[in-house]
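Notes follow once the structure below has been shown.
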Amino acid sequence: MVLKLSSNNLSGSIDDASFDSCRNLRVLDLGENGFTGNLSFRFDKLLEFSVSVNSLTGAIPSLVFGESCSLRSLDLSENLFVGQLPKEISNCRDLAMLNLSGNKFSGKIPAEIGSLLSLQSLLLNDNSCSREIPVSLVEMTNLSLLDLSWNGFGGEVPEIFGRLHRLKYLFLIGNSYTGGLISSGIHNLQNVYELDLSDNNLSGPLPVQISQRSNLKMLVLAKNQFTGNIPHEYGNLSGLLFLDLSFNKLSGSIPPSFGKLRSILWLVLANNSLTGEIPVELGKCSSLLWLNLANNQISGAIPPEIFNIGSNAMADIVLLNRTDQTTYGFGQCAILERWIPSPDSPFASFSFYALSRCRIKRRNLLLETYSFFSVSKSAFGYIQLRGNKLSGKLKISMSQNLGMLYLDDNDLYGELPPEIGLLPLLALNVSKNMFSGEIPKEIGMLKRLQSLDLSCNNFSGEFPTRMLNLTELSRFNISYNPYILGRVPPTGQLATFSRTSFLENPLLKLPSWMEDENIISPSMPRKDEEKEEGLSDRFLFAFVVSYSVFFVLSFLAGLFLGNEKISALNSKKKLRRRRM
């Protein structure tokens, strides 16, 4: 008998008497309700039990795990349980999935847990367990998934992890490990598919040895203290779907060998100190859907090949759907927090939803994200290059999948190419550059555009009336383009924005009601010297990435630029003097 009562706003306590008459009950799901009190429910007949996402409290008494425990799946996650996990859990010899995440368990992980030889998934993340990992875990020859994230473990990564040879998924996110990455032997795990060591204090060079793990699908070493160059050997990880090295102290250039990552969907190298140019070889990554290189010191022109994003990603999406992972840990939840493109993303509300479902349901959020974009018939590709030193004229190659393009806070100049109107864009941000000339009328062809920021450039000419076609716009900014002429129509979508979207454009005539708004014009933004702090810690769902103030021109830049760029720089200097 199966009884599923999840997500029904049920309340009260749970005890044996509640289900005494259900003698044939084998599967009971009470998740996502409002149950309170202690847990005193015995597991003598149940095969599966879930009470996740409730408000149960207290320690778990040993009597719930009687000698006749028949459980195969136990989910007590996201409650308020305290104390140490009873060693009597070893009585549940057939247990294949144990999820105790998101509680307040403390003390040692009982050594007896190693006798659960059928256990495949063990999730103890987001607790306060002591750092001693029982050696008995090596006896669990079927253990496939281990999530010990957010427990405050520190020191060297213990060598016990390198002895869990059947592991496919290892998550140690949000601890305080400082070293031992190689001595632990993690890089020798032959079967590992997903490895996430993000949000620790690991330092030194990135481990080259990991490049030998041909089975790796996801490698996340973000939010650590790694230094030095990115090993070119990482380009040998031919089966890699996700690589996230963001928020470290990496330097040097992006290896051209990354062009061999023909299965890569997700490449995040943001918030480092990378230099050099974007390798044109990235254009060979036909499966690449998400590229985030924000807040580095990358220079040179943008290779147009990278705009042909996601032209052959479907095969890798299908591969995700065939994964044999039983239950997802927090690994993919954490990576989503770093992926969210910007506060002006058209999908802010979806991002909140995806994160909550990821944490509560442990669903494959990447597939959920893809399903969302597919159902909404939205372009799925995302290029984030803000906060670098990219220069030159922008050249666009056609893409059927590029939905979000962020080029703000760079040194791009020249005209915005009219081909940009042929992209299936939902969000476009080119602010804080040196673009000049007329705003291409082809932007009016972006009928599904929801966010457009052209501010802080040198655009000139007539305000394009074709922008009236952008009926889906919810965010718009054209401020600090003082050479734009014409009139903003008093009706239509553009008339729904306030004067703050049109600041410091003296030649642009606004509707009378905008002129009457009592708004104090701020001074011209300057480029912040510091990198944005990025996304917050684990439970921050509102990914606030504040806009930096506009940048200070370097007088030496003119020595290295062509005549056209020199002209653009001089024009910009004159513009700044007028505002002072």
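The sequence shown: position 137 = 1121 (the working numbering), numbered continuously. Glycine is no exception: its CB is placed at the ideal position from the N, C-alpha and C atoms.
Distances from the alpha-carbon of Ile1157 to those of Leu1040, Asn1185, Gln1174, Ile1290 put Asn1185 closest.
In the three-state DSSP reduction, Ser1241 falls in the helix class (H, G or I).
Every unbroken stretch of the beta strand (DSSP E) spanning 3 or more residues and falling wholly within the segment 1077-1145 is given here in chain order: 1081-1083, 1088-1091, 1105-1107, 1129-1131, 1138-1140. Residues Thr1020, Gly1021, Asn1022, Asn1063, Leu1064, Phe1065, Val1066 of the same chain have their beta carbon placed closer than 8 Å to that of Thr1041, with the five preceding and five following residues left out of the count. The criterion of a C-beta distance shorter than 7 Å is not satisfied by Asn1441 and Asn1461. The beta-carbon separation of Pro1424 and Leu1400, rounded to 6 Å, stays under the 8 Å limit for a contact.
Taking Glu1265 as the centre and dropping the five residues before and after it, the same chain places the C-beta of Pro1240, Gly1243 closer than 6 Å to its C-beta, in chain order. By the CB criterion at 7 Å, Leu1374 and Ile1286 fall inside the cutoff. The alpha carbon of Leu1205 has as its nearest neighbour, out of Leu1190, Ile1170, Tyr1390, the alpha carbon of Leu1190.
Restricting attention to Asn1465, Thr1449, Leu1487, the CA atom closest to the CA of Pro1473 is found in Thr1449.
The alpha-carbon separation between Ser1257 and Leu1221 amounts to approximately 23 Å. Secondary structure of Glu1178 (DSSP, three-state): strand.
Cα atoms of Gly1421 and Tyr1390: separation of roughly 20 Å, rounded to the nearest angstrom. If you ignore the 5 residues before and after Lys1092, its C-beta comes within less than 6 Å of the C-beta of Ser1114, Glu1116, all in its own chain and listed in chain order. Ser1187: member of the beta strand (DSSP E) spanning 1187-1189, first to last residue. Remark: C-beta atoms of Phe1137 and Asn1109 do not approach each other more closely than 7 Å. Under the criterion of beta carbons closer than 8 Å, Leu1273 and Ile1293 qualify as touching, at roughly 6 Å. Beta-bridge partners assigned by DSSP to Tyr1161: Gly1139.
When secondary structure is reduced to three states using DSSP, Ile1427 falls in the helix class. Counting C-beta atoms within 10 angstroms of its own C-beta, Asn1296 has fewer than 16 neighbours from the protein chains shown and is therefore classed as exposed. In the DSSP assignment, Ser1496 falls within the unbroken alpha helix (DSSP H) covering 1496-1499. The segment 1414-1501 is shown to contain whole alpha helix (DSSP H) runs of 4 or more residues at 1496-1499, in chain order.
For Ile998, DSSP records a beta bridge to Leu1023. The beta-bridge partner set that DSSP reports for Thr1259 is empty. If you check the CB distance, Leu1107 and Asn1083 come in under 7 Å. Comparing alpha-carbon positions, the option among Arg1026, Ser1036, Ser1024 lying closest to Leu989 turns out to be Ser1036. Annotation: Pro1490 to Tyr1161 spans about 56 Å, alpha carbon to alpha carbon. The alpha carbon of Asn1175 has as its nearest neighbour, out of Ser1105, Arg1197, Leu1430, the alpha carbon of Arg1197.
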